[in-house]
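Student: So for the sequence shown, this note's numbering puts the first residue at 389; every next one is plus one.
Glycine included, every Cβ here is placed at the ideal spot set by N, Cα and C.
Every value quoted in this text rests on a predicted model; they were computed, and no experiment measured them.
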Amino acid sequence: FFSALTPDSHILAHHGPSNRMLRVWLPLCGLEGFRLRVGDQIVEPQAGKAFVWDHSFEHEAWHDGDETRIVLIVDIWHPDLTDDEVKFLKTLQNARLKAGRELLEREGNGAIDDTYYGIVERTRGLL
389 FFSALTPDSH ILAHHGPSNR MLRVWLPLCG LEGFRLRVGD QIVEPQAGKA FVWDHSFEHE
449 AWHDGDETRI VLIVDIWHPD LTDDEVKFLK TLQNARLKAG RELLEREGNG AIDDTYYGIV
509 ERTRGLL
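1. Determine the contact status of residue 457 and residue 410, defining contact as a CB-CB distance below 7 Å.
2. Check the C-beta distance from residue 403 over to residue 445 and give it rounded, since I have them as a contact under 8 Å.
3. Return the residue from the list 450, 484, 436 and 443 that minimises the CA-CA distance to residue 408.
4. Measuring alpha carbon to alpha carbon, tell me which residue in 405, 412, 393 and 406 is nearest residue 423.
5. How long is the line joining the alpha carbons of residue 400 and residue 492, rounded to whole angstroms?
6. So which of 441, 447, 475 and 390 has the shortest CA-CA distance to residue 416?
7. Pull up the distance between the alpha-carbon of residue 466 and that of residue 495, whole angstroms please.
8. Can you give the Cα-Cα distance for residue 479 and residue 462, rounded to whole angstroms?
9. Evaluate residue 449 with the Cβ neighbour count: other Cβ atoms within 10 Å of its Cβ, from every protein chain shown; 16 or more gives buried, anything less gives exposed.
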């Protein structure tokens with residue numbers, strides 16, 4: 389997915405839900421004045437230079453530049469996971485999607501956003 393951050397923004401310190409995935413960033417534009425803290429390291433990404441970081445570590449971002457920062461983000465399975473662990477986690481993810489779809493249909497929410505992110509967002513409080 390693509391992430392856009394407008395100038396004069398600060399994303400407060402937070403962390404991802406687990407370390408099952410690593411986050412790959414490909415910074416595209418608007419990077420002047422942008423910095424990202426992951427754990428105790430400050431990163432100043434450069435356009436076109438991808439890097440990988442553990443989203444479960446505490447992180448925050450500041451954008452003091454003049455242009456909107458755009459980054460392509462891809463989540464990949466953590467390389468320390470075994471094939472069986474990845475298969476199990478995929479099964480859990482698919483079960484959550486199926487349950488979410490069924491809850492939305494049961495509640496009669498009409499046409500649902502059938503994408504992974506759409507279902508997860510709309511069922512956040514239900515699951």
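Tutor: In short:
1. Mapped onto the sequence shown, residue 457 falls at position 69. Mapped onto the sequence shown, residue 410 falls at position 22. No, these two residues do not count as a Cβ contact at 7 Å.
2. What you label residue 403 is simply residue 15 of the sequence shown in a count that begins at 1. What you label residue 445 is simply residue 57 of the sequence shown in a count that begins at 1. The pair is a contact, with the Cβ atoms about 6 Å apart (cut-off 8 Å).
3. What you label residue 408 is simply residue 20 of the sequence shown in a count that begins at 1. Minimum Cα distance to residue 408 is reached at 443.
4. Residue numbering aside, residue 423 sits at position 35 when the sequence shown is read from its first letter. Answer by Cα proximity: 393.
5. The residue labelled residue 400 in the question sits at position 12 within the sequence shown. The residue labelled residue 492 in the question sits at position 104 within the sequence shown. Taking the straight line from one Cα to the other gives about 31 Å.
6. Within the sequence shown, numbered from 1, the residue matching residue 416 stands at position 28. Per the Cα distances, 390.
7. Locating residue 466 in the sequence shown gives position 78, counting from the first residue. Locating residue 495 in the sequence shown gives position 107, counting from the first residue. Rounded to the nearest angstrom, the two C-alpha atoms are 36 Å apart.
8. As a first step, residue 479 is located in the sequence shown; it is residue number 91 there, counting from the start. As a first step, residue 462 is located in the sequence shown; it is residue number 74 there, counting from the start. Spanning the two alpha carbons is a distance of roughly 20 Å.
9. In the sequence shown, the residue the question calls residue 449 occupies position 61. That one is buried.
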